[in-house]
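K.L.:
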Amino acid sequence: MFYLGIDSGGTKAAFLLGDENGRIYARYRGEGCTVLSGHKTGIKQMVAEGVAAVCKAAGITPDDIDCLGLGISCYGEGENSEVEPFEACAEVLSPDRVICQCDTYVGWAGSLHFQPGVNVIAGTGAVAYGVNAAGETARSSGWGAWSAGCDEGSCTWHGQRLVQEWTKQADGRRPRTAMYTMFREHFHVTCDDEHFITTLNETVLPGRGLPELQRLLAKMYDAGDPIAAQIYEEGAEELWCSIQAVAQKLGFTGTDYPVSYTGGLFKSGECALAPLRRRIERAGAHLVDPELPPDVGALMMAIHHKHPERDLRDFRITE
1 MFYLGIDSGG
11 TKAAFLLGDE
21 NGRIYARYRG
31 EGCTVLSGHK
41 TGIKQMVAEG
51 VAAVCKAAGI
61 TPDDIDCLGL
71 GISCYGEGEN
81 SEVEPFEACA
91 EVLSPDRVIC
101 QCDTYVGWAG
111 SLHFQPGVNV
121 IAGTGAVAYG
131 VNAAGETARS
141 SGWGAWSAGC
151 DEGSCTWHGQ
161 RLVQEWTKQA
171 DGRRPRTAMY
181 TMFREHFHVT
191 CDDEHFITTL
201 NETVLPGRGL
211 PELQRLLAKM
221 YDAGDPIAAQ
231 IYEEGAEELW
241 CSIQAVAQKL
251 GFTGTDYPVS
261 YTGGLFKSGE
271 CALAPLRRRI
281 ERAGAHLVDP
291 ELPPDVGALM
301 MAIHHKHPER
311 DLRDFRITE
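Heads up: the sequence shown begins at 1 in UniProt numbering, then just goes up one per residue.
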């Protein structure tokens with residue numbers, strides 16, 4: 001039997017074709033979409049493209065896929081937001097071979113192997129999601145990095161804080177640190193700072209500009225810039241507030257519960273992980289490395305949907 005896991009956010013969609021034993025037959029990465037940005041038509045197009053790609057790579061047909069598990073952003077966050085993903089996938093395969101959930105669910109499923117705990121996602125947006133032993137779920141944050149200007153602690157938020165601090169250094173409101181020079185070097189600024197205003201507002205900030213700036217911030221941190229370190233401390237505090245809110249809702253407070261993590265922010269390493277770890281450990285909980293990525297969580301969800309009796313704690317993948 002073949003199973004397909006899909007993890008789709010606003011930036012990318014990761015497809016993973018495997019079997020119930022964890023053997024991986026094909027991978028595909030395409031343009032992502034959310035329920036709110038793609039709706040049924042966009043989701044169906046994304047899913048159909050990915051299904052065709054993995055089937056071609058594995059030498060199978062869509063009829064060979066026993067179940068498709070889709071974890072997608074904005075699922076359950078508005079009218080028809082649960083109906084549209086299911087209908088889109090069902091038109092690519094069939095209704096009896098589809099299970100859909102939010103991307104936060106597959107992030108938790110992969111990182112904590114379907115075990116009680118909290119997973120915090122910090123990528124383009126940020127959200128904390130958890131499940132307790134009774135199967136109760138809770139989330140915090142995830143209100144929208146772009147439209148609402150929220151999702152504090154996300155890559156978007158870190159990029160925004162970098163721009164705020166650099167502009168203050170550029171126009172004299174703050175003393176200049178290594179951040180000032182590294183920002184100018186990154187964007188090849190050779191003129192007066194004011195001449196960069198149009199480029200900043202029309203080129204750097206739209207689209208993927210802000211979340212991508214988190215990578216530059218990490219380089220500034222590695223160079224010893226104190227403002228960069230301060231921003232990562234602030235970001236960790238924001239993420240911890242979301243984790244704590246979920247823990248309180250699920251009855252974890254005061255216990256040694258696990259907290260895992262997924263998302264692009266944490267690829268920068270200890271600049272993001274160290275301040276978060278300190279806050280988690282001070283509360284008596286513990287930070288654990290993610291067991292498996294979200295696309296594997298989606299694959300596990302598909303397997304579990306067809307085999308609910310299966311204990312997935314020992315699930316591993318082999319290429």
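Built from N, CA and C at the ideal position, the CB exists for glycine as well.
Alpha carbon to alpha carbon, how far is N21 from R316? Give it in angstroms, no decimals.
P.N.:
8 Å
K.L.:
If distances are taken between C-alpha atoms only, which option among D66, D171, L239 and R208 comes closest to F266?
P.N.:
L239
K.L.:
What is the DSSP secondary structure of Y261, counted as helix, strand or coil?
P.N.:
strand
K.L.:
I need the straight-line Cα distance from T177 to A247, nearest angstrom please.
P.N.:
38 Å
K.L.:
Would you mind sorting C74 into buried or exposed? The rule is 16 or more other CB atoms within 10 Å of its CB.
P.N.:
buried
K.L.:
So, do the region 97-112 and the region 52-59 have three or more beta carbon pairs nearer to each other than 8 Å?
P.N.:
Flag = no, the region 97-112 and the region 52-59 do not touch.
K.L.:
Taking Cβ to Cβ, would you say A302 is nearer than 7 Å to Y3?
P.N.:
yes
K.L.:
Give me the Cβ distance between E136 and L250, rounded to the nearest whole Å; I'm assuming they're in contact under 8 Å.
P.N.:
Right, the Cβ-Cβ distance comes to about 6 Å (below 8 Å), so this counts as a contact.
K.L.:
In angstroms with no decimal places, state the Cα-to-Cα distance between D295 and T190.
P.N.:
43 Å
K.L.:
With DSSP collapsed to three states, give me the class of V118.
P.N.:
strand
K.L.:
Would you call the CB atoms of G71 and Y257 closer than 7 Å?
P.N.:
No, these two residues do not count as a Cβ contact at 7 Å.
K.L.:
Where DSSP assigns a beta bridge to F15, which residues make up the other side?
P.N.:
I6 and Y28
K.L.:
Tell me the rounded alpha-carbon separation between A109 and M300.
P.N.:
8 Å
K.L.:
Output needed for G10: all residues of its chain with C-beta closer than 8 Å, excluding positions within five of it in sequence on either side, in chain order.
P.N.:
G32, C33, T34, S37, S73, T124 and G125
K.L.:
Ignoring anything shorter than 3 residues, give me the beta strand (DSSP E) runs that lie fully in the region 46-91, in order along the chain.
P.N.:
65-72
K.L.:
Put I99 into one of helix, strand or coil per three-state DSSP.
P.N.:
The three-state secondary structure of I99, taken from DSSP, is strand.
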